[in-house]
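Quick note on numbering: our numbering labels position 59 of the sequence shown as 49, and the sequence is numbered without any gaps.
Shown next, in structure tokens, is the structure this report addresses.
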Amino acid sequence: MARAQAASSARDTSALRVLFIGNSYTYFNDLPSVVGDLAAAARERRAFVAEQVTFGGHTIEMHLARPEALAAVRRGRWSLVIVQEQSTRPIEAPQRTIHDVPRIGDEVKKAGAKLLLYLTWAREARPSSQDTLSATYTAAAAAVGASVVPVG
């Protein structure tokens, strides 16, 4: 399900405009609202506008196969686009993540936004997989000039 939230007018170009693309790791605790609250607590002067395109279990590849994520990137005049890969994809198929991030990253660049990759955490049963997660996200970010944002 695609979800949207706006804290200010979508036409406000002076706002900090953030698009989140991901899955339940993004929508379960309403990450866009949490980030908006953090921006307010940090006394961010610009209005915070957030939208999310999130579907349970989705990989970046799955988002690219659907129209919603790229349509949101193209229409939004975003400051930042934060993309979250499915939690085990960078471990089980790192080359797919490294291939897919530039595909979405090129669209983000064309739209004039900065791409941030939301680096998730290793699952409790496999803590040693964090090194692979981090390496995959770092390689994918380097391929498109994105920044990695570790969370968790």
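We treat Cβ as the ideally placed atom computed from N, Cα and C, and that holds for glycine.
What you are looking at is a predicted structure, and each value in this text was computed from that prediction instead of being measured.
Residue i: buried (16+ other C-beta within 10 angstroms of its C-beta) or exposed?
{"i": "phenylalanine 45", "result": "buried"}
{"i": "asparagine 13", "result": "buried"}
{"i": "valine 8", "result": "buried"}
{"i": "glutamine 85", "result": "exposed"}
{"i": "glutamine 47", "result": "A small correction: the amino acid at residue 47 is glycine; glutamine does not occupy that position in the sequence shown. Glycine 47 is exposed by the Cβ-count criterion."}
{"i": "alanine 130", "result": "buried"}
{"i": "glutamate 114", "result": "exposed"}
{"i": "leucine 28", "result": "exposed"}
{"i": "proline 146", "result": "Residue 146 is absent from the structure shown; the chain starts at -9 and stops at 142."}
{"i": "methionine -9", "result": "The predicted model places methionine -9 with a pLDDT of 47, which falls under 50 and marks its position as unreliable, so this point remains unresolved."}
{"i": "valine 141", "result": "exposed"}
{"i": "proline 22", "result": "buried"}
Starting from residue i, trace the beta strand (DSSP E) in both directions and tell me its first and last residue.
{"i": "valine 39", "result": "38 to 44"}
{"i": "arginine 7", "result": "6 to 12"}
{"i": "threonine 138", "result": "For the record, residue 138 in the displayed sequence is valine; it is not threonine. Its beta strand (DSSP E) spans residues 137 to 140."}
Are the CB atoms of residue i and residue j nearer to each other than 9 Å?
{"i": "leucine 123", "j": "alanine 112", "result": "yes"}
{"i": "arginine 36", "j": "leucine 6", "result": "yes"}
{"i": "alanine 103", "j": "glycine 66", "result": "yes"}
{"i": "leucine 107", "j": "glutamine 74", "result": "yes"}
{"i": "threonine 59", "j": "valine 39", "result": "The sequence shown places alanine at residue 59, not threonine. No, Cβ-Cβ distance for alanine 59 and valine 39 is not below 9 Å."}
{"i": "valine 138", "j": "valine 98", "result": "no"}
How is the alpha helix (DSSP H) around residue i delimited, first residue to last?
{"i": "aspartate 27", "result": "21 to 31"}
{"i": "arginine 48", "result": "Reading off the sequence, residue 48 comes out as histidine, not arginine. Neither: histidine 48 is in no alpha helix (DSSP H) and is coded neither H nor E."}
{"i": "glutamate 58", "result": "58 to 65"}
{"i": "arginine 79", "result": "79 to 82"}
Evaluate the contact criterion for the stretch 82 to 101 versus the stretch 130 to 138: three or more CB pairs, one atom per stretch, below 8 Å. yes
Jot down the residue ranges of each uninterrupted beta strand (DSSP E) in the stretch 97 to 128, minimum 3 residues, whole runs only, in chain order. 104 to 109
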